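Participant:
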């Protein structure tokens with residue numbers, strides 16, 4: 001079994017050596033790396049040349065295209081491995097990564113694998129790690145958010161053939177788009193709890209910097225004074241506490257329904273054993289989870305008459321995806337939405 005690792009890079013001189021070294025330190029050695037330089041103007045090319053061996057190919061795009069989907073698509077077309085992996089220029093693999101994948105992909109039923117990650121700073125200090133709950137997968141959960149970074153996901157060649165090219169839309173979140181398209185093929189993610197990939201966390205977050213085209217409308221507020229009152233009411237400690245408890249209750253109900261319908265993927269250890277063997281095990285873990293955020297991302301959209309439309313932000317550029325997220329929110333978090341609209345009405349607003 002051969003692995004193809006696609007590495008897009010733009011001015012990655014500060015990181016690329018560590019990324020390549022992490023590949024060359026793998027315990028499993030049947031791999032190829034396709035490194036696509038996207039208009040680099042720093043020392044990236046010379047660093048890659050200094051580390052070349054017969055498993056590494058370097059492809060150069062002379063002018064920066066400014067979107068990681070394009071070099072990933074180029075690397076994908078040039079690859080010939082049985083399993084496709086990705087490695088962003090500032091990320092690294094644990095030495096056991098490919099050997100763990102090899103054991104999993106020896107099972108014909110497995111098509112897509114996501115592994116746990118260490119989130120690190122630029123000095124390689126661990127900031128935090130993916131928790132067990134982060135690795136619980138279902139198509140519904142995947143539709144609601146990106147879940148995984150490219151470096152922690154791999155899939156068989158046939159999945160790449162079925163799902164096609166990476167999107168190159170200008171809004172970003174192309175990884176989320178790809179994982180959602182995989183779910184449309186009725187393929188599921190096998191998830192591994194062990195932290196086998198190190199991902200550098202930067203200050204910027206694309207999901208919060210992309211333009212919001214869609215939001216779930218909850219109501220209208222007549223003026224800025226009422227809007228401020230609504231905001232203050234949301235921040236009251238007793239209200240926030242109730243909201244967090246409601247999030248916990250509705251999340252448990254959601255996951256219980258998914259478990260009962262066998263529509264949920266439970267993370268496994270690298271040796272193939274499931275982390276949770278029963279609903280009670282999963283429930284206990286979910287009850288211990290730290291539900292930090294009382295509210296979904298709310299937006300006040302100013303209107304020409306001085307009023308504000310209040311809604312929940314939906315972070316996707318695609319209308320069909322937005323409509324699916326809206327339907328899941330209404331189905332799974334009905335109580336939370338009702339709580340928000342009640343506070344809105346008590347503050348002087350009107351329900352949508």
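In UniProt numbering, the protein residues as written are 1 to 352.
A virtual CB, placed ideally from N, CA and C, is assigned to each residue, including glycine.
These numbers come from a predicted model, not from an experiment.
List in chain order: all unbroken alpha helix (DSSP H) runs of 4+ residues lying wholly within the segment 303-340.
Facilitator: 319-332
Participant: If you drop the 5 nearest sequence neighbours on each side, which residues of the same chain put their C-beta closer than 7 angstroms to that of residue 187?
Facilitator: Translated into positions along the chain shown, residue 187 becomes position 187. For residue 187, where only same-chain residues beyond five positions count, the Cβ hits under 7 angstroms are 111, 112 and 159.
Participant: Does the beta carbon of residue 97 come closer than 9 angstroms to any beta carbon on chain C?
Facilitator: No chain C is present in this structure, which holds just one protein chain.
Participant: Determine the burial state of residue 293: buried for a count of at least 16 other Cβ atoms within 10 Å of its Cβ, exposed for fewer.
Facilitator: Mapped onto the chain shown, residue 293 falls at position 293. With fewer than 16 Cβ atoms within 10 Å of its Cβ, residue 293 is classed as exposed.
Participant: So what does DSSP say about residue 108, is it helix, strand or coil?
Facilitator: Indexing the chain shown from 1 puts residue 108 at position 108. Coil, per DSSP.
Participant: Looking only at its chain, what residues have a beta carbon closer than 6 angstroms to the beta carbon of residue 94, apart from the 5 residues adjacent to it on each side?
Facilitator: Along the chain shown, read from residue 1 onward, the residue named residue 94 stands at position 94. Closer than 6 angstroms at the Cβ level, and outside the excluded window around residue 94, lie 196.
Participant: Residue 38 bridges to which residues according to DSSP?
Facilitator: As a first step, residue 38 is located in the chain shown; it is residue number 38 there, counting from the start. Note: residue 38 sits in a beta bridge opposite 61.
Participant: Short of 8 angstroms in beta carbon distance, which residues of its chain neighbour residue 268, apart from the five on each side in sequence? Order them along the chain.
Facilitator: Along the chain shown, read from residue 1 onward, the residue named residue 268 stands at position 268. Around residue 268: 190, 191, 192, 193, 274 and 275.
Participant: Measure the C-alpha to C-alpha separation of residue 167 and residue 71 and round it to an integer number of angstroms.
Facilitator: As a first step, residue 167 is located in the chain shown; it is residue number 167 there, counting from the start. As a first step, residue 71 is located in the chain shown; it is residue number 71 there, counting from the start. A straight-line Cα-Cα distance of about 11 angstroms links residue 167 and residue 71.
Participant: What residue range is occupied by the uninterrupted alpha helix (DSSP H) comprising residue 176?
Facilitator: Reading the chain shown from its first residue, position 176 is the one you call residue 176. Residue 176 -> alpha helix (DSSP H) spans 174-184.
Participant: Which residues bound the alpha helix (DSSP H) around residue 254?
Facilitator: The residue labelled residue 254 in the question sits at position 254 within the chain shown. The continuous alpha helix (DSSP H) containing residue 254 extends over residues 237-260.
Participant: What are the partner residues of residue 81, as DSSP defines its beta bridges?
Facilitator: For the purposes of this step, residue 81 is identified with residue 81 of the chain shown, where counting begins at 1. According to DSSP, residue 81 bridges with nothing at all.
Participant: Quick one: what does DSSP say residue 194 is sitting in, helix, strand or coil?
Facilitator: Taking the chain shown and counting its residues from 1, one reaches residue 194 at position 194. Three-state result, residue 194: strand.
Participant: Compare the Cα-Cα distances from residue 24 to each of 37, 291, 48 and 221 and report the closest residue.
Facilitator: On the chain shown, position 24 is the one that residue 24 refers to. For residue 24, the closest of 37, 291, 48 and 221 by C-alpha to C-alpha distance is 48.
Participant: Compute every distance between the C-beta of residue 326 and the non-hydrogen atoms of the ligand GTP, then say whether any falls below 8 angstroms.
Facilitator: Because no ligand of any kind appears in the structure shown, any question about the ligand GTP cannot be addressed here.
Participant: In angstroms, rounded to a whole number, what distance separates the CA positions of residue 134 and residue 305?
Facilitator: Position 134 of the chain shown holds residue 134. Position 305 of the chain shown holds residue 305. Cα to Cα, residue 134 sits roughly 43 angstroms from residue 305.
Participant: Looking at the unbroken beta strand (DSSP E) that takes in residue 221, where does it start and where does it end?
Facilitator: Locating residue 221 in the chain shown gives position 221, counting from the first residue. Unbroken beta strand (DSSP E) run through residue 221: 214-221.
Participant: With DSSP as the reference, identify every bridge partner of residue 200, one or two as the case may be.
Facilitator: In the chain shown, residue 200 corresponds to position 200, counting from 1. According to DSSP, which records beta bridges pairwise, residue 200 is partnered with 120.
Participant: Please report how far the alpha carbon of residue 247 lies from the alpha carbon of residue 39, in whole angstroms.
Facilitator: Within the chain shown, the letter at position 247 stands for residue 247. Within the chain shown, the letter at position 39 stands for residue 39. Rounded to the nearest angstrom, the two C-alpha atoms are 45 angstroms apart.
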